[in-house]
Amino acid sequence: MSGKPRVQYFALGGTIATMPAESGAMKQGLGADDLIRSVPALADVADVQGETVARVGSSNLTVDLTLQLAQRIEAVSDAVGVVISQGTDTLEETSFILDCVLDARLPVSLTAAMRNPRLTSADGAGNLLASVRVVSSPWMREHVGAIGTVVTFLDHVFAPFDVVKSETSRIDTFRSPATGPLATLVEERVVPLSLPVRDWKRAVDAALGPKPATRLLAAGRKPVALLWAAMDDTGGLLDALLADPRHLGYAGVVFAGTGGGHIAQDLVERVVTLNRSIPVLVAPRTGAGPLLASTYEGAGSEIGLRKAGLIFSGRLHPLKTRLLLELLLRAGVDRAGIARVFAACG
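FYI, the working numbering numbers position 207 of the sequence shown as 196, with every residue one higher than the one before it.
Next up, the structure:
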């Protein structure tokens, strides 16, 4: 379309792409071209070219599929930006992986919908249009190196490092508790609010190297278990990991600790023993806020766990800590390198 910027659009499925089944429930079905046609106003903003990558609920997305998507994005050469739609359930995870592995050459925005297209006030069309506006905006194009990948939802722009899905069904589910949005959309404008802290991204780039998606795919899976601290947990899952010489196939563990990074004292010996075989990281169970370093002592405290060699994830959410650890393990990064990356995460 002459005079309009070109935007590449990848569709992965999700609620935004559902259609009625014979049963009356919603099923996956709409592709990229269907969604483009459903939002005529897109043509006023950009020449949007679509490709359907998948038609799945986002609980079925994988690290490998996301890395393959990164390869597709790296191959885009004739567009000002890239928009991706998927389901909301794992949007915070997909966007974070992409932010880790892409070089921020092009603006990239992920979006989704909470209300399916059949419902009154369905939000998918507005979110898709807003995403196209964001990647086409002078602000995003000028500052893409400082911003990286973003999530655009309900007229707010979020950094993947901080954004979380906070509610099961409300349309305002996406929030960044620690930082708030990077920008908002008003009328047809993107209104900047802040730029994100990107020290963590520079550390990740140094560890993974340039354009790592292909190498990470070739390395194969390095599964990371996620254990959640809970009152009076018996530690049975830790026992199972320790009893199996292959640790049930896991290459690492993330332990979502309580408070500022604490583990029940009855579990500490087992956690420390497991850490001698595979990396065990401590992340904040709260999902936001930096972990402590020097406030509490004693068994299971942050001081004791750090002295025992456990790596702390800064303020990175346990779900994202798990993904970043897998990427680093796929890249063959040693424990010292892993510690350097997470030290940059706050």
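Idealized CB from N, CA, C, for every residue including glycine.
These numbers were taken from a predicted model, which means no experiment stands behind them.
Asked	Found
The stretch 116 to 133 contacting the stretch 76 to 90, beta-carbon criterion three pairs below 8 Å	no
Own chain, CB closer than 8 Å to V28, minus 5 neighbours either side, in chain order	A114, L117, L118
8 Å contact criterion, which A172 and L182 should meet: CB distance rounded	5 Å
Distance, R329 Cα to S290 Cα	21 Å
Environment of S158 [buried if 16+ CB atoms lie within 10 Å]	exposed
Range of the contiguous beta strand (DSSP E) that encloses P234	It is not in any beta strand (DSSP E) - P234 carries neither H nor E in the DSSP assignment.
Reference A21; option with closest CA among F(-1), M15, A208	F(-1)
Beta-carbon proximity of Q102 to A111, cut-off 8 Å	The identity of residue 102 in the sequence shown is Ala, whereas the question assumes Gln. Cβ distance < 8 Å, so A102 and A111 count as in contact.
Residues near G46 in its chain [Cβ-Cβ closer than 6 Å; skip 5 each side]	G76
DSSP bridge partner residues for V34 (one or two, in chain order)	V34 is not bridged to any residue.
The stretch 255 to 272 touching the stretch 292 to 312, judged by at least three CB pairs closer than 8 Å	yes
Where K154 falls: helix, strand or coil (DSSP)	strand
Which listed residue (N105, G209, L174) has its alpha carbon closest to that of G13	N105
8 Å contact criterion, which A93 and G134 should meet: CB distance rounded	5 Å
Which of helix, strand or coil DSSP assigns to I267	coil
Integer-rounded CB distance, given that L91 should sit under 8 Å from I62	6 Å
Three or more C-beta pairs below 8 Å linking the stretch 244 to 262 and the stretch 283 to 297	yes
Alpha carbon of L226 to alpha carbon of G70, nearest angstrom	44 Å
Option nearest L24 by Cα separation, candidates K16, V37, Q57, D33	V37
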